[in-house]
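Chains as they are written, first to last, in my numbering: chain A, 33 to 207; chain B, 221 to 714; chain C, 74 to 189; chain D, 5 to 146.
Here it is in structure tokens:
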């Protein structure tokens with residue numbers, strides 16, 4: 033039953049993705065991308081990933097939509113809709129078929145005997161409490177086991193801030 | 221103690237780069253960045269010596285052992301490349317004081333130097349890391365930093381080039397991420413050594429094969445191989461000339477290192493050349509790169525465009541050497557890598573100095589350079605010779621070892637391509653050498669030249685030229701002692 | 074075949090993102106399609122991490138043996154927190170570049186920008 | 005934008021959002037939350053102020069330079085915590101070195117990390133929105 037719910041939400045998300053890509057008016061594209069992010073957040077919640085759902089909802093829906101809407105002030109709304117581009121369609125569908133064929137080797141969706149559940153994850157499950165004293169395993173991995181990844185990611189955010197201020201301040205008015 | 225040096229080499233540029241936001245005095249920021257670069261260079265050399273004496277070094281972040289935590293693995297190969305990257309970044313910074321203050325306005329220099337240092341730390345991270353997802357994070361750090369570095373220049377088309385580079389770079393990084401997803405789901409681990417030990421029993425599965433191809437495609441896009449090189453040409457053509465030697469020496473060359481690492485060290489020669497035949501891909505794209513871009517370089521009248529197209533054709537040589545699938549061909553590819561990093565970065569530095577003197581890259585304005593800047597012309601000749609493959613330089617020894625490999629594998633068509641393209645390389649280098657040496661009748665002679673609107677004569681550029689002379693000297697030393705250099709490279713890859 | 078269906082849908086969303094980047098001439102829509110591509114990849118990772126009727130990887134006590142429960146694989150969740158934030162960082166840098174392009178070139182269409 | 009309704013609502017909501025942000029930050033150890041989500045929630049509070057009261061009012065509270073210094077201090081806090089662990093003789097980012105009686109096992113180091121991330125995310129997203137809405141500080145609308 034839960035597989036059926038996940039698949040139905042996934043189909044909804046896929047339809048919304050097609051809508052985001054094919055809409056003509058830019059304002060509609062921004063609204064659709066916000067709805068797309070919200071549906072993704074719901075999907076992650078159903079797939080037992082509340083941390084990722086909270087992040088996707090807050091970053092994907094809230095901040096990205098604020099940035100896009102405030103950037104729309106500079107761009108005019110109407111854009112000509114691209115007619116169906118056949119070569120691109122063929123290449124993309126063949127790539128999709130190739131990737132889907134390769135994903136047949138995966139463990140089934142939700143299969144607990146998957147190889148990804150052995151190895152490092154067993155180590156995390158057995159001594160997250162002894163090592164870090166946190167209840168949430170995700171935050172234990174995020175902060176201490178793979179803390180260097182999070183440091184790199186903080187750097188990415190810092191770089192985004194610096195790049196925005198570098199790119200915008202062209203002719204800074206001397207006060 | 222040496223283990224903490226690895227972290228110093230990695231963390232010092234980040235913390236100093238972050239702290240540049242606070243102080244606004246441009247000259248102080250420039251000085252501090254130069255010192256940081258020199259310290260990183262010295263640390264890299266120490267680590268390199270230590271690794272050569274006592275074998276590989278492992279650094280476990282947070283004290284967690286590999287399958288659980290993230291690990292840095294410093295082998296001979298990546299410690300030597302780290303030394304080279306930090307030498308190039310130090311040389312760019314020490315040489316580029318006039319160029320930087322000329323091209324970038326004062327208010328942006330402190331953020332520029334901050335982003336530059338974080339970009340350097342990102343490149344060092346890409347080289348040293350031994351964890352797939354950490355590799356993706358550092359690729360993202362270094363490319364996000366290079367998008368904003370490229371977008372700063374007086375020419376407005378650099379903004380458009382930076383945006384195209386952002387879109388193509390993000391697609392490449394997302395391909396690498398999908399590849400990591402396939403490899404993670406097939407092997408269950410993110411650690412590279414762990415994956416190598418698990419590879420034999422999951423070789424047959426499709427997801428490892430597709431994951432390998434996706435990561436390889438992402439790396440090829442980022443390294444600027446021929447059909448996927450448009451972002452590289454546009455962004456180097458329009459960006460400020462301070463950053464081009466650094467990016468040419470590091471950004472595309474690091475992804476060539478990743479390609480060598482992926483095909484020869486992680487997946488091994490047997491898997492990549494017998495299970496899936498990538499020698500055809502490398503050979504075909506490399507050959508196209510050599511033909512198309514050497515001819516394109518021939519028709520350029522702009523000095524910098526010529527250098528950019530010759531860089532793309534040099535990348536083609538490296539991938540032709542990589543496509544042959546034997547250890548000796550990998551050594552030839554690394555030799556091309558060394559030669560291109562040293563010679564091409566100094567050529568771009570020379571071009572920026574010529575721009576300082578003549579205020580243009582166009583051939584019509586570069587006549588009779590020998591009377592004003594004799595040293596620049598001599599250095600241009602030596603480095604051009606290394607690119608074209610004239611004896612006593614790294615370029616020559618790389619071409620010779622490639623030709624030997626081609627003859628061994630009796631690929632006569634490829635041999636013909638390599639030979640005639642090195643002839644074309646000599647032609648387009650000589651075309652610019654000729655304009656430097658002889659003054660055209662109608663060209664502006666020195667009496668009428670308007671000195672003074674920011675034109676630098678050679679007397680003011682002695683210090684930058686000594687930096688370039690140091691790089692050229694390294695190039696010559698490695699070229700002259702060819703056999704010791706080849707044997708040194710041989711034991712890089714065990 | 075049916076239990077691999079979620080993976081295929083996630084990959085379909087990623088491919089729709091790539092198709093959007095290739096087809097749309099407007100730089101703004103290219104950037105949003107890039108966001109769709111990255112969202113597709115994040116879904117793909119989270120689909121790998123799912124276990125049958127698993128709950129969130131947040132435990133009730135400090136040792137796994139005492140409060141045993143079927144838990145989703147926490148590692149891809151951590152990776153995807155990083156991937157989401159990287160996607161937003163790239164999007165905001167791309168957006169600032171688009172605004173500068175609009176101010177310098179007065180247009181954001183690919184065809185008109187190629188002419189220069 | 006001196007619309008009375010919006011201003012009164014904004015005055016009411018702002019402290020609640022900030023409180024929610026702090027809750028997510030502090031409760032990150034035992035519930036879904038942490039540095040990134042808390043930083044974004046607090047940034048959305050300041051985006052609300054920028055929308056309702058105009059960016060002039062906003063630039064009085066948090067100028068661009070202050071936001072940049074906040075972002076730099078967040079990353080510095082992260083790096084300094086890692087270096088602190090190295091000073092006590094263990095590897096980079098190994099928080100067992102800075103264990104404390106009040107905080108159980110590694111929670112002191114993890115709390116410092118999360119605060120560093122929260123500050124950086126908050127200041128970068130607020131700076132980003134301010135830059136987008138006022139075109140880099142040049143068009144300060146009301």
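By construction, the Cβ of each residue, glycine as well, lies at the ideal position given by its N, Cα and C atoms.
Against chain B, the beta carbon of residue 117(C) has neighbours under 8 Å at 398 and 401, listed in chain order. Judged by DSSP secondary structure, residue 281(B) falls outside any beta strand (DSSP E); it is assigned neither H nor E. Taking C-beta separations shorter than 8 Å and ignoring five residues to either side along the sequence, the partners of residue 139(A) in its chain run 145, 146, 147 and 148, following chain order. In the DSSP assignment, residue 317(B) falls within the alpha helix (DSSP H) that extends over 317-323. Selection 21(D), 90(D), 87(D) and 84(D) evaluated against residue 49(D) yields 21(D) as nearest (Cα-Cα). Look at residue 134(A): its C-beta is under 9 Å from a C-beta on chain B.
Partner residues in the beta bridge of residue 349(B), as assigned by DSSP, are 292(B).
Taking the C-beta atoms as reference points, residue 86(A) is found nearer than 9 Å to residue 73(A). For residue 124(C), the secondary structure class from DSSP, reduced to helix, strand or coil, is strand.
As the crow flies, the alpha-carbon of residue 105(C) is around 8 Å from that of residue 90(C). Spatial neighbours of residue 53(D) in its own chain (CB-CB distance under 8 Å, excluding positions within 5 residues in sequence) are listed in chain order as 14, 18, 61, 62 and 65.
In summary, the residues of the region 278-293 of chain B whose CB is separated from some CB of chain A by less than 7 Å are 281, 282, 284, 287, 288, 289 and 290, in the order they occur in the chain. Taking C-alpha positions only, residue 337(B) is separated from residue 239(B) by approximately 11 Å. The C-beta of residue 435(B) comes no closer than 9 Å to any C-beta of chain C. Straight-line measurement puts the Cα of residue 511(B) at about 48 Å from the Cα of residue 152(A).
Taking a Cβ-Cβ threshold of 8 Å, the residues of chain D close to residue 238(B) are 76, 79, 80 and 83, in chain order. What residue 98(D) touches in chain B, judged by beta-carbon distance under 7 Å, is 282 and 283, going in chain order.
None of the residues of the region 580-614 of chain B has a beta carbon lying less than 7 Å from any beta carbon of chain C.
Positions of the beta strand (DSSP E) runs, each at least 3 residues long and wholly inside the region 49-120 of chain D, cannot be given because no such run exists. Interface criterion not met: the Cβ of residue 143(C) is under 9 Å from no Cβ in chain D.
Assigned with DSSP and collapsed to three states, residue 610(B) falls in coil, not helix or strand. Contact between residue 597(B) and residue 589(B) holds, with the beta-carbon distance rounding to 6 Å and staying under 8 Å. Any Cβ of chain D closer than 9 Å to the Cβ of residue 158(C) would place that residue at the interface, and such an atom is present.
Assigned with DSSP and collapsed to three states, residue 141(C) falls in coil, not helix or strand. Only exposed fits residue 594(B), as fewer than 16 other CB atoms lie within 10 angstroms of its CB.
In this structure, the straight-line span from the alpha carbon of residue 236(B) to that of residue 187(A) is close to 13 Å. Apart from the 5 residues on each side of it in sequence, residue 525(B) sits with its Cβ closer than 7 Å to the Cβ of 457 in its chain, given in chain order.
Apart from the 5 residues on each side of it in sequence, residue 301(B) sits with its Cβ closer than 7 Å to the Cβ of 347 and 477 in its chain, given in chain order.
With respect to chain D, the C-beta atom of residue 224(B) has a partner C-beta closer than 9 Å. Note that the C-beta distance between residue 319(B) and residue 572(B) is below 9 Å. When DSSP reads this structure, residue 131(C) sits in a beta bridge with 168(A). Residues 462 of the same chain have their beta carbon placed closer than 6 Å to that of residue 316(B), with the five preceding and five following residues left out of the count. Cβ contact annotation for residue 361(B) (same chain, cutoff 8 Å, sequence separation greater than five): 338, 339, 341, 342 and 345, in chain order.
Apart from sequence neighbours up to five positions away, the residues of its chain that approach residue 87(C) with a beta-carbon distance below 6 Å are 110, 113 and 114, ordered along the chain.
DSSP links residue 411(B) through a beta bridge to 351(B).
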